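Going by full-length UniProt numbering, the first residue of the sequence shown is number 1, and it counts up by one from there. C-beta: ideal position from N, C-alpha, C; glycine also. Only a predicted model underlies this, so the values are computations on that prediction, with no experimental measurement involved. Worksheet: one structure, shown below.
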Amino acid sequence: MLIDPRRIKHCRHCGTAVDYRVPDDDNRERAVCAGCGTIHYENPLNVVGTVPVWGEQVLLCKRAIEPRYGFWTLPAGFMELGETVAQGALRETTEEAGANIELEGLLTMLSVVRVGQVHLFYKARMLDTALDPGPETLEARLFHEHEVPWDEIAFRTVRETLQHFFACRRAGSAYPLHCGDI
Numbered sequence: 001m002l003i004d005p006r007r008i009k010h011c012r013h014c015g016t017a018v019d020y021r022v023p024d025d026d027n028r029e030r031a032v033c034a035g036c037g038t039i040h041y042e043n044p045l046n047v048v049g050t051v052p053v054w055g056e057q058v059l060l061c062k063r064a065i066e067p068r069y070g071f072w073t074l075p076a077g078f079m080e081l082g083e084t085v086a087q088g089a090l091r092e093t094t095e096e097a098g099a100n101i102e103l104e105g106l107l108t109m110l111s112v113v114r115v116g117q118v119h120l121f122y123k124a125r126m127l128d129t130a131l132d133p134g135p136e137t138l139e140a141r142l143f144h145e146h147e148v149p150w151d152e153i154a155f156r157t158v159r160e161t162l163q164h165f166f167a168c169r170r171a172g173s174a175y176p177l178h179c180g181d182i
């Protein structure tokens with residue numbers, strides 16, 4: 001499913017129907033209010049999360065919400081206004097897994113153009129194994145690489161992030177930032 005490029009129907013300022021056209025001094029179609037002239041820009045949403053690590057294990061969460069109810073994912077979600085990428089990743093990890101972590105560095109940045117999102121995952125060190133999953137999570141648990149339920153991973157960005165993490169670990173290398181498009 002592709003993002004509908006004409007999602008805005010009415011002006012957020014005055015409520016008048018918008019027209020899609022290329023404004024002066026621009027190079028692409030935008031939602032332009034026929035009443036007040038406000039130009040409405042639509043930009044990708046950021047999904048932020050972590051790869052929480054305890055020894056040789058990674059923490060995964062079983063989703064209690066759609067999409068992909070009952071599938072496993074890394075703790076992640078939409079970044080909120082007023083927070084940094086790092087703050088959002090910490091918040092999402094706390095909300096979804098109840099894990100106490102310390103961020104170690106950005107691990108992956110994946111563009112998901114068809115749904116208008118950018119997914120950013122940090123490598124994180126778990127400070128203990130206490131977990132208190134929130135309402136969006138059925139279960140949170142630690143997995144060794146050979147135990148990861150690969151056929152039950154919720155999203156391609158999570159699969160690619162985990163594959164990058166484990167490949168770096170097996171190689172005994174640093175964890176360089178992996179960028180890609182999905």
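Distances from the CA of E56 to each of F78, T129, A97 and K62 were compared; the closest alpha carbon is that of T129.
C-alpha of G98 to C-alpha of E160: approximately 24 Å in a straight line. Short of 7 Å from the beta carbon of F143, and not among the five residues preceding or following it, lie these beta carbons of its own chain, in chain order: Q57, V58 and L60. By the C-beta criterion, the stretch 72–83 is judged not to be in contact with the stretch 103–116, since fewer than 3 inter-stretch pairs fall below 8 Å. Taking C-beta separations shorter than 6 Å and ignoring five residues to either side along the sequence, the partners of C168 in its chain run Y175, following chain order.
Closest in alpha carbon position to P135, among G70, G37 and D26, is G70. Apart from the 5 residues on each side of it in sequence, E92 sits with its Cβ closer than 7 Å to the Cβ of V48, G49, P75, A76 and G77 in its chain, given in chain order. T16 carries a coil assignment under DSSP once its states are collapsed to helix, strand and coil.
If you look at G105, you'll find it in the beta strand (DSSP E) that goes I101 to V112. The C-alpha of T137 lies about 29 Å from the C-alpha of R170.
The Cβ neighbour count for P52, taken over all protein chains shown within 10 Å, is at least 16; the residue is labelled buried.
Between the alpha carbons of V148 and K123 lies a gap of roughly 17 Å. Taking E80 as the centre and dropping the five residues before and after it, the same chain places the C-beta of G88 closer than 7 Å to its C-beta, in chain order. For E66, there is no enclosing alpha helix (DSSP H), as DSSP marks it with neither H nor E. For I39 and L127, the gap between their C-alpha atoms comes out near 46 Å. The DSSP-derived three-state label of E139 is strand.
By the criterion of a C-beta distance shorter than 6 Å, E96 is surrounded in its chain by C61, P75, G134, E136 and T137, once the five residues flanking it on both sides are discounted.
Between Q117 and L162 the beta-carbon gap is near 18 Å, outside 8 Å, which marks them as no contact. Scanning its chain for C-beta atoms nearer than 8 Å, with the 5 sequence neighbours on each side dropped, one finds around H10 the residues T16, A17 and V18, in chain order.
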